[in-house]
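Student: Protein chains in written order, with this note's numbering: chain A, 12 to 305; chain B, 10 to 267. Glycine included, each C-beta is placed from N, C-alpha and C at the ideal position. Supplied in structure tokens, the structure appears directly below.
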């Protein structure tokens, strides 16, 4: 275990993240980059950008709370130190996504009320399931919930958003690329560290699997709320019709996202995340539990 | 960012508060003194030749530093959860990683000195007073008592570490000195945050000062006890303990908690 943890040391983190892919960035993107004009000229698109970013802030606040809480619950000093770097990564994500809300015109005095009014209730429940485990200092469930389920979801959501933003919103795409690099490290730690703990505590399998099922359900419900028909989706469909074939191709998981209907995009995202859960959980000795489809 | 840093003190108070608590600010601050270091010291800094007794004393001291830094790491992680707003949560996240780094460089230094199992060695050599201090600090964090926990962590513990590390750095071997000097720079930032945050709270909450004085009354004997225990184990003189206690009192007084 000591060898595996040396790859997750603070020295490695300093060299790879702050002194590596985050060098010369400002709130996660190259200095001077701005949100595209279209976002400000179309109220529905701006509203959608704010709504999406609020979900990212809610998810990252949960991750910050969970990773900082798990520092105290970690059974060894190496894991504590890794979780310290994860705590700061998550705080940085909170900071950069909050800054995006300000860039989109949310006033500082309206930040909390904007988050409250736009936060998806299913995402809030997803967070509550995880934080209840963290509050009880349940390290095994906490790391599976945080570093496999939450981070696995975040990783793919960020990738999808990055693919759709690359041509239209380079600022947001660049912000996301740094967070994706962080999440990849977090997922790797979760998988490496927790496998041995599950083997040492086989009696924990049942309740950890139940937690995964519950969190997965709320995740799918969040996706459903985000992609299914509403005025914003209709506006996006209208813009797509107007653009005809002029929309730049954005490929992810082998499909051209610019050709997909929102429901199809939801299905690609959900299937990708769930397949990844299944694979990763299998590697740490847990059996993936299929949630109900909202 | 660096241009903004030059004008930092021109910012209006809310923007200043947000800026100095940010990841961006932390990174600018640490990059200056951590760049090019490996586990807290320059790669080319020579390892001093220590006698067996000197090495053993240094290991005892470093093991106790590790206990203090573990307390600080767990305390800072817990404080993130109970911090009252986004800016303080983000600052405390930077402090969490600072404390994790301190623990890492100290453990690495133990390995450089030939300690094969640092966790076992730390458990063996930890002084009871310091372990009790850690227990009390984490109890305050668990009780979600923001004011008291922040005081215990960012004033008492940080001032204790600042005092000891600064004194030790003056006489330490070259590698240990570089490691400690880097830690001391972080501690200054942490104490500044504690002073600022507590200062505003104390101004707003009459009676809080009395509560903090009671906590200090409870924790100070443990601070002095840890100085005394460690010095006894390494054959130090009693006067050294008195000097450390005096410097610690002065550090706390400079933070406004005489």
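Who does residue 263(A) pair with in a DSSP beta bridge?
Tutor: The count along the first chain starts at 1 and reaches residue 263(A) at position 252. Looking at the DSSP assignment, residue 263(A) forms a beta bridge with 266(A).
Student: Below 9 Å on C-beta distance, what does residue 295(A) contact in chain B?
Tutor: Position 284 of the first chain, counted from the start, is the residue given in the question as residue 295(A). Under the 9 Å cutoff, chain B gives no residues; its nearest Cβ is about 24 Å from residue 295(A).
Student: Assuming contact is defined by CB atoms lying nearer than 8 Å, are residue 178(B) and residue 193(B) in contact in what I supplied?
Tutor: To locate residue 178(B), count along the second chain from 1; it is residue 169. To locate residue 193(B), count along the second chain from 1; it is residue 184. Yes, they are a contact pair.
Student: I'd like to check one pair, residue 118(B) with residue 64(B): are the Cβ atoms closer than 8 Å?
Tutor: As a working note, residue 64(B) is residue 55 in the second chain. As a working note, residue 118(B) is residue 109 in the second chain. It is not a contact, given that the beta carbons lie outside the stated cut-off.
Student: So residue 146(B) contacts chain A; which residues on that side make the cut at Cβ distance below 9 Å?
Tutor: By 1-based counting over the second chain, the position of residue 146(B) is 137. By Cβ distance, chain A contributes nothing, its closest Cβ being about 11 Å from residue 146(B), past 9 Å.
Student: With C-beta atoms as the reference, is residue 26(B) less than 8 Å away from residue 96(B)?
Tutor: Your numbering for residue 26(B) matches position 17 in the second chain. Your numbering for residue 96(B) matches position 87 in the second chain. Closer than 8 Å, so yes.
Student: With DSSP run on the structure shown, which of helix, strand or coil describes residue 199(B)?
Tutor: Mapped onto the second chain, residue 199(B) falls at position 190. Here residue 199(B) sits in helix by DSSP.
Student: Taking Cβ-Cβ distances shorter than 7 Å, what residues in chain A pair up with residue 90(B)?
Tutor: Along the second chain, read from residue 1 onward, the residue named residue 90(B) stands at position 81. Here the neighbours are 76, 79, 80.
Student: Is the region 32-47 of chain A touching the region 184-201 of chain A in the sense that three or more CB pairs, one from each, lie closer than 8 Å?
Tutor: Touching, yes, given that three or more Cβ pairs across the two stretches are closer than 8 Å.
Student: Terminal residues of the continuous alpha helix (DSSP H) containing residue 44(B)?
Tutor: Here residue 44(B) corresponds to residue number 35 of the second chain, with the count starting at 1. Careful: residue 44(B) lies outside any alpha helix (DSSP H) and carries neither H nor E.
Student: Return yes when the Cβ of residue 226(A) is within less than 8 Å of the Cβ of residue 141(A), no when it is not.
Tutor: Residue numbering aside, residue 141(A) sits at position 130 when the first chain is read from its first letter. Residue numbering aside, residue 226(A) sits at position 215 when the first chain is read from its first letter. The answer is yes: Cβ separation under 8 Å.
Student: In or out: residue 199(B) buried (at least 16 other Cβ within 10 Å) or exposed?
Tutor: For the purposes of this step, residue 199(B) is taken as the residue at position 190 of the second chain. Residue 199(B) comes out buried.
Student: Taking the alpha carbon of residue 182(B) as the reference point, which residue from 39(B), 132(B), 50(B), 32(B) has its own alpha carbon closest?
Tutor: Here residue 182(B) refers to the residue found at position 173 when the second chain is read from its first residue. With distances taken between Cα atoms, residue 182(B) lies closest to 50(B).
Student: Is the CB of residue 99(B) under 8 Å away from at least one CB in chain A?
Tutor: For this step, residue 99(B) is matched to residue 90 along the second chain. So yes, residue 99(B) belongs to the interface.
Student: Quick one: is residue 29(A) buried, meaning 16 or more other Cβ sit within 10 Å of its Cβ, or exposed?
Tutor: Numbered from its first residue, the first chain carries residue 29(A) at position 18. It is buried - the Cβ of residue 29(A) has at least 16 other Cβ atoms within 10 Å.
Student: Residues of chain B with CB under 8 Å from residue 147(A), in chain order?
Tutor: The residue given as residue 147(A) occupies position 136 in the first chain. Near residue 147(A) there are no residues of chain B at all, since even the closest Cβ is about 12 Å away, more than 8 Å.
Student: Answer with buried or exposed for residue 126(B), where buried requires no fewer than 16 other C-beta atoms within 10 angstroms of its C-beta.
Tutor: Stepping through the second chain from its first residue, residue 126(B) is reached at position 117. Looking at its Cβ environment, which holds fewer than 16 other Cβ atoms inside 10 Å, residue 126(B) is exposed.
Student: For the region 44-61 of chain B, list every residue whose C-beta sits within 8 Å of some C-beta in chain A, in sequence order.
Tutor: Of all residues in the region 44-61 of chain B, 44, 47, 48 have a Cβ within less than 8 Å of some Cβ in chain A.
Student: Sort 90(A), 97(A), 86(A) by Cα distance to residue 89(B) and report the nearest one.
Tutor: By 1-based counting over the second chain, the position of residue 89(B) is 80. Ranking 90(A), 97(A), 86(A) by Cα distance to residue 89(B) puts 97(A) first.
Student: Which term fits residue 177(A), buried or exposed, when burial requires 16 or more other beta carbons within 10 angstroms of its beta carbon?
Tutor: Residue mapping note: residue 177(A) aligns to position 166 of the first chain, counting from 1. Per the 10 Å Cβ criterion, buried.
Student: If we cut at 8 Å on Cβ distances, does residue 10(B) have a partner in chain A?
Tutor: Here residue 10(B) corresponds to residue number 1 of the second chain, with the count starting at 1. Here the model assigns residue 10(B) a pLDDT of 42, short of 50, so the residue's position is not dependable, and the following value carries that caveat. Yes, residue 10(B) counts as interfacial toward chain A.
Student: Starting from residue 107(B) and walking both ways along the alpha helix (DSSP H), at which residues does that stretch end?
Tutor: Here residue 107(B) is taken as the residue at index 98 of the second chain, counted from 1. Residues 95-121.
Student: Just by C-beta distance, which residues in the region 32-55 of chain A are closer than 8 Å to chain B?
Tutor: Residues passing the 8 Å Cβ filter: 33, 37, 38, 42.
Student: Who does residue 40(A) pair with in a DSSP beta bridge?
Tutor: The residue labelled residue 40(A) in the question sits at position 29 within the first chain. In the DSSP output, where bridge partners are listed per residue, residue 40(A) has 37(A).
Student: Where does residue 36(B) fall in DSSP's three states?
Tutor: Taking the second chain and counting its residues from 1, the one referred to as residue 36(B) is at position 27. Reduced to three states, the DSSP call for residue 36(B) is helix.
Student: Does DSSP put residue 116(A) in a helix, a strand or coil?
Tutor: Position 105 of the first chain, counted from the first residue, corresponds to residue 116(A). In the structure shown, residue 116(A) sits in coil (DSSP, three-state: anything other than H, G, I, E or B).
Student: Where residue 13(B) and residue 243(A) are concerned, what is the direct C-alpha to C-alpha distance, given to the nearest angstrom?
Tutor: For the purposes of this step, residue 13(B) is taken as the residue at position 4 of the second chain. For the purposes of this step, residue 243(A) is taken as the residue at position 232 of the first chain. Model confidence at residue 13(B) stands at a pLDDT of 45, short of 50, so the residue's coordinates are unreliable; what they give is reported in the following sentence. Taking the straight line joining both Cα atoms gives about 37 Å.
Student: Along the chain, where does the alpha helix (DSSP H) that runs through residue 218(A) open and close?
Tutor: Translated into the one-based positions of the first chain, residue 218(A) becomes position 207. Residues 216-238.
Student: Using a Cβ-Cβ cutoff of less than 8 Å, which residues in the same chain neighbour residue 11(B) once the five nearest sequence positions on both sides are dropped?
Tutor: Locating residue 11(B) in the second chain gives position 2, where the first residue counts as 1. Caution applies to residue 11(B), whose pLDDT of 44 falls short of 50 and renders its modelled position unreliable; the value that the coordinates give is listed next. The answer, listed in chain order, is 37.
Student: I want to verify the contact list: residues of chain B whose CB lies under 7 Å from the CB of residue 106(A), in sequence order.
Tutor: To locate residue 106(A), count along the first chain from 1; it is residue 95. Those are 31, 32, 99, listed as they occur along chain B.
Student: Taking 8 Å as the CB-CB limit, is residue 102(B) close to chain A?
Tutor: Residue 102(B) sits at position 93 when you count from the first residue of the second chain. It does: the Cβ of residue 102(B) has a partner Cβ on chain A nearer than 8 Å.
Student: Please identify, using Cβ separations under 7 Å, the residues of the region 228-252 of chain B that lie next to chain A, in order along the chain.
Tutor: Cβ contacts with chain A come from no residue of the region 228-252 of chain B.
Student: Just confirm the distance between the C-beta atoms of residue 4(A) and residue 157(A), as a whole number of angstroms; I'd bet it's less than 8 Å.
Tutor: Absent from the model: residue 4(A). The displayed extent of chain A is 12 to 305, so no value can be given.
Student: So what does DSSP say about residue 51(B), is it helix, strand or coil?
Tutor: In the second chain, the residue the question calls residue 51(B) occupies position 42. Residue 51(B): coil per DSSP, three-state reduction.
Student: Which of helix, strand or coil does DSSP assign to residue 131(A)?
Tutor: The residue given as residue 131(A) occupies position 120 in the first chain. Coil, per DSSP.
Student: Counting C-beta neighbours from all protein chains within 10 Å, is the total for residue 233(A) 16 or more, i.e. buried, or is it exposed?
Tutor: Taking the first chain and counting its residues from 1, one reaches residue 233(A) at position 222. Looking at its Cβ environment, which holds 16 or more other Cβ atoms inside 10 Å, residue 233(A) is buried.
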